[in-house]
Amino acid sequence: MRYWTPVFSGTLWFVDTSSGDGSRIYSALFVVAHVVCWVFIVGSLLLVDFLELVGIKQVYFHCMGLNAPLSYKHHSLARFYVHNRHPCALAPLILLWASPVMRLDRLALAIVWSIYLFLGQRLDNHDYIYMKEQYDQKWAAVTYQQKAAVRHITTRSMVKSD
Numbered sequence: 043m044r045y046w047t048p049v050f051s052g053t054l055w056f057v058d059t060s061s062g063d064g065s066r067i068y069s070a071l072f073v074v075a076h077v078v079c080w081v082f083i084v085g086s087l088l089l090v091d092f093l094e095l096v097g098i099k100q101v102y103f104h105c106m107g108l109n110a111p112l113s114y115k116h117h118s119l120a121r122f123y124v125h126n127r128h129p130c131a132l133a134p135l136i137l138l139w140a141s142p143v144m145r146l147d148r149l150a151l152a153i154v155w156s157i158y159l160f161l162g163q164r165l166d167n168h169d170y171i172y173m174k175e176q177y178d179q180k181w182a183a184v185t186y187q188q189k190a191a192v193r194h195i196t197t198r199s200m201v202k203s204d
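If you count the sequence shown from 1, you need to add 42 to reach the numbering used here.
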């Protein structure tokens, strides 16, 4: 970052978000896109094993003479991790492209990141089935907890009214 000099000469697009009624809509769209992407990035980092993501767990397991951490995970999850670059890699890509000002340096980074992600994703039908099963299990757990909470509140209100 010390020697980085941005390219100001080649602007591909510029959306004025500072004045006018129409620019408020564009400004709101950019803000919403960025907030949603950052919430997704932070949420994904909270859900994944962060120590494994940055490589600390691999170094620790190697020093302790253990197998790779991925070998201890369920085979479906391990297969998914092998075929997927990173669970939250799409959000930074959206952050790169959803910008009111697109200069040549940002465009070059966005193109390289896009190519890296799209060529590196090797998800197949087994991975989609695994993701669908996980989603269905989470959805069932959440709806079960919500129903249990509603039943608990309902029974408490019935007991108080008696």
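Every residue, glycine too, gets a C-beta built ideally from N, C-alpha and C.
| Item | Value |
| --- | --- |
| Residue(s) in a DSSP beta bridge with PHE56 | VAL143 |
| 6 Å CB neighbourhood of LEU93 in its chain, flanking five on each side removed | LYS99 |
| Residue burial classification, CYS79 (beta-carbon count within 10 angstroms, cutoff 16) | buried |
| Exposure label - ALA150; buried when at least 16 CB within 10 Å | exposed |
| Beta-carbon gap between SER86 and CYS130 smaller than 9 Å | yes |
| Classification of ALA182 by the beta-carbon crowding that lies within 10 angstroms, buried from 16 upward | exposed |
| Within 9 Å, strictly: CB atoms of LEU146 and THR53 | yes |
| Burial state of ALA133 (16 or more Cβ within 10 Å) | buried |
| The alpha helix (DSSP H) enclosing SER115, as first and last residue numbers | Inspection of the sequence shows that residue 115 is occupied by Lys rather than by Ser. Unbroken run through LYS115: none, as it is neither H nor E. |
| Alpha helix (DSSP H) segment containing TYR45, residue limits | Neither: TYR45 is in no alpha helix (DSSP H) and is coded neither H nor E. |
| DSSP state of SER61 mapped onto helix, strand, coil | coil |
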